[in-house]
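In my numbering, the protein residues as written are 897 to 1378. All residues carry an ideal CB built from backbone N, CA and C; glycine is no exception.
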């Protein structure tokens, strides 16, 4: 008999509280919790009020709000020009995906460096021995093996090549493709969708770029070769003795948003200076203009579910009081290039090195009896979490899509790059992901309650003195700590 089966009344009360949190956060009054928005501010007030009732305090001062400034622009309002070796490319010959770069820094001008196909795996390393710091890495679509047309992520796809080049110092990636117009594969369709997405960035002095990735320009191979004045193939490696320049002129909307950060103090005089980080992003996609008027993206699973889960984990940790302290982080701007967690890590309220483990809850409301545990670099943490999950009657399974490298796409990234062990609880993507149909009525509350109970059990282990897990940086995760 599992612990949940032994305590059905407690589980029933937990389900009611989870449902109430999700119903409120995904309600029409909060307008989808866009960053920034009135609805997001209401959600922040709700979270701070709930946390105070559980004994959570501001880390410093009188407020739990950590305010930051941001800007954004819509690509359809921007004027973009791209030139290679001084020759301006036609708009139909490229797609520019600006990942969280402020257009105030335009023009972006870098020397071109060839990296062949740009593939980096344990057996193939096209970047070996090539100096990329401050450059634009030029990679040809393809790999020494046949590509799978339905894949977007992986070391042989553009996103994998962006990561590999970015972490070696490249400031931009030029990706050469013969299929720019065809839309014949998922990768081509993905980048055309990304081209039209709102570009968001931090506007804070001394704070770097939020995204893990450098901007990418997907260029028709023939147009690039014509501008460069020579061919480019898998053997083209090293400096190309030419520059790329990207100019962006866009009307920027400015605003501010806030993370909600608090601490549940530990009671042990020595251990209280060590922290378990509980995190969930509380923003979503807000309101969208449609021919029928504004339509709300409620974000019940993404991520009202995770926020509700963290609130209830905190409730279970508050009594009895933990030995170590619990740092609670509700980040905003996650859907806008993980802005909130980027800002927090640039301006931490407690030393990053004092964080012994991060438990991140993001989309935990659609369990089929399993929960994915993304714990790259911490097998001991995964094993402990699996044991806690089994006790609560739910199965923790490894990431179903490891090539997606989900750590780069959510609030775990900025903590993991500082070598903090993390576990990301996730019940998987579904047809309602980032759609107006992500509504509270589709949340599977009994399974969600078991996930929350298992996360609380795991947090309690570390909160009461169990040795923190080790983090071994995965081979593919080579972003240096800041």
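Strand pairing of residue i, partner residues [DSSP]
| i | result |
| --- | --- |
| residue 1145 | 975 |
| residue 1318 | 1254 |
| residue 1028 | According to DSSP, which records beta bridges pairwise, residue 1028 is partnered with nothing at all. |
| residue 1096 | 968 |
| residue 962 | 1155 |
Helix, strand or coil at residue i according to DSSP, with G and I counted as helix
| i | result |
| --- | --- |
| residue 1219 | coil |
| residue 1413 | For residue 1413 there is no data in the structure shown, the boundaries of the chain being 897 and 1378. |
| residue 1335 | coil |
| residue 1308 | helix |
| residue 1266 | strand |
| residue 918 | helix |
| residue 1178 | coil |
| residue 1302 | helix |
| residue 1190 | strand |
| residue 1261 | coil |
| residue 1342 | helix |
| residue 1247 | coil |
| residue 1199 | helix |
| residue 954 | strand |
Any C-beta of chain C under 8 Å from that of residue i
| i | result |
| --- | --- |
| residue 954 | No chain C appears in the structure shown, which is made up of a single protein chain. |
Rounded straight-line distance, which links the Cα of residue j to that of residue i
| i | j | result |
| --- | --- | --- |
| residue 1376 | residue 1025 | Residue confidence is low: residue 1376 scores 45 on pLDDT, short of 50, so the model does not pin down where it sits. No coordinate-derived value is stated. |
| residue 1378 | residue 1313 | In this prediction, residue 1378 has a pLDDT of 42, which is less than 50 and means its spatial position is unreliable; nothing more can be read from the coordinates. |
| residue 1246 | residue 955 | 8 Å |
| residue 1363 | residue 1167 | 11 Å |
| residue 1354 | residue 1339 | 23 Å |
| residue 1213 | residue 1250 | 19 Å |
| residue 1182 | residue 1284 | 35 Å |
| residue 1144 | residue 977 | 7 Å |
| residue 1028 | residue 1185 | 41 Å |
| residue 1151 | residue 1042 | 46 Å |
| residue 1148 | residue 1098 | 12 Å |
| residue 983 | residue 1318 | 46 Å |
| residue 914 | residue 1346 | 11 Å |
| residue 948 | residue 1103 | 29 Å |
| residue 1178 | residue 1228 | 6 Å |
| residue 1007 | residue 1165 | 54 Å |
| residue 1049 | residue 1055 | 6 Å |
| residue 1342 | residue 911 | 7 Å |
| residue 1358 | residue 1200 | 25 Å |
| residue 944 | residue 1156 | 7 Å |
| residue 1087 | residue 1292 | 32 Å |
| residue 958 | residue 952 | 12 Å |
Anticipated Cβ contact below 8 Å, residue i with residue j, distance rounded
| i | j | result |
| --- | --- | --- |
| residue 994 | residue 1095 | 5 Å |
| residue 1273 | residue 1296 | With a Cβ gap of about 18 Å, residue 1273 and residue 1296 do not count as contacting. |
| residue 1196 | residue 974 | In fact, because the Cβ distance is near 32 Å, the residues do not count as touching under 8 Å. |
| residue 1138 | residue 985 | At roughly 13 Å, the Cβ-Cβ gap does not stay under 8 Å, so residue 1138 and residue 985 are not in contact. |
| residue 1132 | residue 1012 | 6 Å |
| residue 960 | residue 1236 | Between residue 1236 and residue 960 the Cβ distance is about 13 Å, and since that is not below 8 Å, they are no contact. |
| residue 1327 | residue 1367 | Incorrect: roughly 34 Å between the Cβ atoms, too far for contact. |
| residue 1023 | residue 1130 | Rounded, the Cβ-Cβ distance is 13 Å, inconsistent with contact. |
| residue 1160 | residue 1206 | Going by Cβ atoms, the distance from residue 1160 to residue 1206 rounds to 11 Å, so no, they are not a contact pair. |
| residue 928 | residue 1180 | 5 Å |
| residue 1173 | residue 1063 | The pair is not a contact, with the Cβ atoms about 23 Å apart (cut-off 8 Å). |
Enclosing alpha helix (DSSP H) for residue i [first to last residue]
| i | result |
| --- | --- |
| residue 1084 | 1082 to 1091 |
| residue 1240 | 1235 to 1242 |
| residue 1329 | Here residue 1329 belongs to no alpha helix (DSSP H), and DSSP marks it neither H nor E. |
| residue 1068 | Run containing residue 1068: none in the alpha helix (DSSP H); it sits in the beta strand (DSSP E), 1068 to 1073. |
Where the beta strand (DSSP E) containing residue i begins and where it ends
| i | result |
| --- | --- |
| residue 1294 | 1291 to 1294 |
| residue 1186 | 1183 to 1186 |
| residue 864 | In this structure the chain extends from 897 to 1378, so residue 864 is not present and cannot be described. |
| residue 941 | Element bounds for residue 941: not the beta strand (DSSP E) but the alpha helix (DSSP H), 934 to 949. |
| residue 1010 | 1004 to 1011 |
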